[in-house]
Amino acid sequence: MGRAMQQNGEQMIIAVASGKGGTGKTTVAVNLALSLPNVQVLDCDVEEPNSHIFLNPVIEEIKPAYTLVPRVNYDFCDYCGKCAAACEYNALVVVPQKEVMVFPELCHGCGLCSLVCPQDAISEEPREIGVIKTGKSGDGNIDLVYGVLNIGEIMATPLIDQVKADIDPEKTVIIDVSPGTACPVIAAVQGSDYCILVTEPTPFGLYDLRLAVEVLRVLKIPFGMVINRAGIGDRKVYEYCEKEGITILLEIPHDTRIARYYSEGVPFVKVMPEWKERFAGIIDKVLL
Amino acid sequence: MKQITVISGKGGTGKTTLVGSFAALAENKVIVDCDVDAPDLHLLVHPEIINKEEFKGVKVAVMDKTLCSECGTCEETCRFNAIASTEESGYAVNPARCEGCGACVFTCPQEAVTLKERVSGYAFISKTNYGPMVHAQLNIAEEASGKLVTVVRNNAQQVAEKEGCELILIDGSPGIGCPVIASLTGVDLALIVTEPTMSGLHDLERIMDVTRHFGIASAVCINKYDINEENSERITEFCRQRGIQVVGKIPYDSVVTEAMVAGKPVVEFSGGVVSDAIKDMWGRINQYE
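What follows is the structure, encoded as structure tokens:
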């Protein structure tokens, strides 16, 4: 097993994010996990989780994830309308003397309606938004926790928070983040000690990378870069990293073998073991 | 008027490359980028912004430190982990996590917290060489991307009506969540772009479940189909079982990246197999009612 990576005696939590989709976040997260001892992978891309395809986990537990939505007790409700007036998301509409309509898909589960109700007529009940699956990779070396958002569901952030609640303090944690720069990304990367940004050296890669860099600067999370498919596109990502003083942790070449293994769902360090050392080497640069 | 949204589930399968080319091929349309947190379509069609509008999404809690008594009620109330206390600066709101619900405002016994509007991004109406374009940019570390997508969709509708456009061509974002659903609502066709990888297949199934859930007609394009032809076969078979047409199969070619570097839709950048496949596919998509 070996010991977990530590920084100043503390557990290391490393997020893998990108801005642009399809640049290789899961490739980096999974291959890094396979190159380190004592790792837990949290797949926080709950809309389209893919880490499990590469880690082949034996699932040990599936538990539903919930948010809370209001439930009105009509024995007490006097239709005063304070709940609907307080709700910032228009998730409640009061029809006087008739009913309180609740729109669960608009509800953020903040609990304010229940707090403001003068009659104590609003309680909260759980609504399932997805499931959390826990297991061990086929070879037993990696713990995996991943969230799967229900189809048609918009509340991704509470599910991400609940996946992260299962962090194992005894392990090095690698978080696979969804693409973009909005709320699901923030929920996933927040609290990490370091973020590995994965990009490809193309204009789309660079544009979205700049946005992701700004997010990490706002959140004050240190970061470095992995350039995937190195050799395609142009040199502008390199020029940008140099100008901004961003460390390039690793370059993964544009290689048909690597692409082929990816397409088959095979982590390429398993068949190209010389890469294990290179991935493990990222950690030395992260710890600097 | 017809609305087509290009989506994918998995990121990086080629949505924007296709929409850029469709923008060059289609007539009398509005081009729309509904990927508001990582938009890229402008890098191919070079819009000139003619109208910029502030987007006010969710509000944000603001704390008046002079009134705060450090009681911690706000932190207990907040369901979004957006309020925490540090030794050096006491209680503070983390705007990146605040969903603007106002629960802390209600529970604070000192009335030290208020809700303020914030500008969460900008919506743009632009012109391009390919016709009008509607797009947006969410500010860094903001909530409410779905709401901004809805603003963009409404703008697109208005521009299309004003200019008499017959088609609204929408570039979507990856995933299956809030912004994706907002970009699909009420469209006539979802073109799902996938790639022949295990991840592509897995994500295709999920996004197809979403379009089916909302009753939206779908068609599939397999991009880079020749990087793994067995997987392309599996995708084709899967689509057949679901009764969904594969309207295009595009080969892998470095010309796609070269066109991106040149800042041009690939069908304008060069002829060849990729351009031919995209043109054929556009012909088939055009026949959808």
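Just so you know, the protein sequences line up as chains B and F, in that order.
Last residue of the first sequence? That's 288 in this note's numbering, and every number before it is there in order.
Last residue of the second sequence? That's 289 in this note's numbering, and every number before it is there in order.
Glycine included, each C-beta is placed from N, C-alpha and C at the ideal position.
Cβ-based burial, residue i [other Cβ within 10 Å; buried from 16]
| i | result |
| --- | --- |
| F:GLU230 | exposed |
| B:SER18 | buried |
| F:TYR130 | buried |
| B:ARG71 | exposed |
| F:LEU67 | exposed |
| F:PHE269 | buried |
| B:VAL41 | buried |
| B:MET1 | Note on B:MET1: pLDDT 45, under 50, position unreliable in the model; the coordinate value appears next. Looking at its Cβ environment, which holds fewer than 16 other Cβ atoms inside 10 Å, B:MET1 is exposed. |
| B:GLY111 | buried |
| B:ASN73 | exposed |
| B:ASP78 | exposed |
| F:GLU143 | buried |
| B:ASP75 | exposed |
| F:SER254 | exposed |
| B:MET155 | buried |
| B:PRO64 | exposed |
| B:LEU106 | exposed |
| B:SER123 | exposed |
| F:GLY271 | exposed |
| B:VAL145 | buried |
| B:ASN90 | exposed |
Under 8 Å by beta carbon: chain B residues contacting residue i
| i | result |
| --- | --- |
| F:MET260 | THR202, PRO203, PHE204, GLY233 |
| F:SER145 | GLY180, ALA182, CYS183 |
| F:ALA96 | ILE186, GLN190, VAL218, LEU219 |
| F:LYS264 | In chain order: nothing, as chain B lies at least about 11 Å away. |
Contacts that residue i makes with chain F (C-beta to C-beta distance below 9 Å)
| i | result |
| --- | --- |
| B:LYS59 | According to the sequence shown, residue 59 of chain B is Ile rather than Lys. Residues of chain F passing the Cβ test: none, with the nearest at roughly 15 Å. |
| B:GLY19 | ASP37, ALA38 |
| B:LYS23 | It is worth fixing the name first, because residue 23 of chain B is Thr in this sequence and not Lys. Those are GLY11, GLY12, listed as they occur along chain F. |
| B:TYR146 | The premise fails here: B:TYR146 is roughly 12 Å from chain F at the closest Cβ pair, so nothing lies under 9 Å. |
| B:LEU32 | Residues of chain F passing the Cβ test: none, with the nearest at roughly 17 Å. |
Residue i, enclosing alpha helix (DSSP H) - first and last residue
| i | result |
| --- | --- |
| F:GLN293 | Because chain F here runs from 1 to 289, residue 293 of chain F falls outside it and cannot be looked at. |
| F:ALA144 | From DSSP, F:ALA144 is part of no alpha helix (DSSP H); its letter is neither H nor E. |
| F:GLN241 | 229 to 242 |
| B:LYS236 | 236 to 244 |
| F:HIS42 | 42 to 45 |
| F:ASP276 | 273 to 286 |
| B:HIS52 | 51 to 55 |
| F:GLU268 | 266 to 269 |
| B:ASP284 | 274 to 287 |
Chain B contact residues for residue i, given Cβ-Cβ distances below 7 Å
| i | result |
| --- | --- |
| F:ARG79 | GLY109, CYS110, GLY111 |
| F:LYS249 | Result: empty, since nearest Cβ-Cβ is about 15 Å, beyond 7 Å. |
| F:ASP33 | The premise fails here: F:ASP33 is roughly 12 Å from chain B at the closest Cβ pair, so nothing lies under 7 Å. |
| F:THR304 | Only positions 1 to 289 of chain F appear in this structure, which leaves residue 304 of chain F out of reach. |
| F:GLU142 | ALA182 |
CB contact check: residue i to chain D, cutoff 8 Å
| i | result |
| --- | --- |
| F:GLU99 | Going by chain labels, chain D is absent from the structure shown, which instead holds the protein chains B and F. |
Neighbouring residues, chain F, relative to residue i (Cβ below 7 Å)
| i | result |
| --- | --- |
| B:GLY289 | Outside the shown range of chain B, which is 1 to 288, sits residue 289 of chain B, and nothing can be said about it. |
| B:ALA259 | ILE227 |
| B:GLU214 | ILE140 |
| B:TYR74 | Result: empty, since nearest Cβ-Cβ is about 23 Å, beyond 7 Å. |
Element boundaries [beta strand (DSSP E), containing residue i]
| i | result |
| --- | --- |
| B:MET155 | Per DSSP, B:MET155 belongs to no beta strand (DSSP E) and is neither H nor E. |
| B:ILE132 | 122 to 136 |
| B:GLU60 | 58 to 72 |
| F:HIS202 | No beta strand (DSSP E) holds F:HIS202; the alpha helix (DSSP H) holding it covers 198 to 213. |
| F:GLU195 | First-last for F:GLU195: undefined, no H or E at that position. |
| F:CYS221 | 218 to 223 |
| F:ILE250 | 245 to 250 |
| B:LEU249 | 248 to 253 |
Contact set between residue i and chain F, taken where Cβ atoms lie within less than 8 Å
| i | result |
| --- | --- |
| B:ALA86 | GLY102, PHE106 |
| B:VAL26 | Per the sequence shown, the amino acid found at residue 26 of chain B is Thr instead of Val. Near B:THR26 (Cβ distances below 8 Å), the residues of chain F are SER199. |
| B:ASP161 | ASN81 |
| B:ALA121 | Those within 8 Å of B:ALA121 in chain F number zero; the least Cβ separation is about 16 Å. |
Contact set between residue i and chain B, taken where Cβ atoms lie within less than 9 Å
| i | result |
| --- | --- |
| F:LYS65 | Neighbours of F:LYS65 on chain B: none; closest Cβ ~20 Å, over 9 Å. |
| F:CYS71 | None at all; the shortest Cβ gap to chain B is about 16 Å. |
Three-pair Cβ contact test at 8 Å for the region 60 to 77 of chain F versus the region 108 to 121 of chain F: Contact between the region 60 to 77 of chain F and the region 108 to 121 of chain F is present, because at least three Cβ pairs lie under 8 Å.
The region 175 to 185 of chain F in contact with the region 203 to 213 of chain F per 3-pair CB rule at 8 Å: Look at the beta carbons and you see the region 175 to 185 of chain F touching the region 203 to 213 of chain F: at least three pairs across the two are nearer than 8 Å.
Cβ contact check for the region 180 to 198 of chain B and the region 153 to 164 of chain B: 3 or more pairs under 8 Å: The region 180 to 198 of chain B makes contact with the region 153 to 164 of chain B: 3 or more CB pairs, one atom from each, lie closer than 8 Å.
Minimum length 3: unbroken beta strand (DSSP E) runs contained in the region 56 to 128 of chain F: List check, beta strand (DSSP E) in window: 60 to 63, 83 to 86, 90 to 93, 113 to 116, 119 to 128.
Touching by the beta-carbon criterion (3+ pairs, under 8 Å), the region 152 to 171 of chain F and the region 82 to 93 of chain F: With fewer than three CB-CB distances shorter than 8 Å, the region 152 to 171 of chain F does not count as touching the region 82 to 93 of chain F.
Entirely enclosed beta strand (DSSP E) segments - the region 156 to 242 of chain B, minimum 3 residues: Correct list: 172 to 176, 194 to 199, 223 to 230.
Touch test, the region 276 to 286 of chain B against the region 165 to 176 of chain F, Cβ-Cβ under 8 Å, three pairs minimum: The answer is no - the region 165 to 176 of chain F does not touch the region 276 to 286 of chain B, with fewer than three Cβ pairs under 8 Å.
Minimum length 3: unbroken beta strand (DSSP E) runs contained in the region 168 to 194 of chain F: Whole beta strand (DSSP E) segments, 3+ residues: 189 to 194.
Contact between the region 33 to 43 of chain F and the region 231 to 240 of chain F (3+ Cβ pairs under 8 Å): The region 33 to 43 of chain F, when compared against the region 231 to 240 of chain F, does not touch it at the 8 Å Cβ threshold.
Touching by the beta-carbon criterion (3+ pairs, under 8 Å), the region 79 to 89 of chain B and the region 114 to 121 of chain B: Three or more pairs of CB atoms, one per stretch, sit closer than 8 Å, so the region 79 to 89 of chain B contacts the region 114 to 121 of chain B.
Given 8 Å, three or more beta-carbon pairs between the region 48 to 62 of chain B and the region 260 to 271 of chain B: Flag = yes, the region 48 to 62 of chain B and the region 260 to 271 of chain B touch.
The region 88 to 99 of chain F / the region 16 to 26 of chain F touching (three or more Cβ pairs under 8 Å): As far as the Cβ criterion goes, the region 88 to 99 of chain F does not touch the region 16 to 26 of chain F, which means the pair count is below three.
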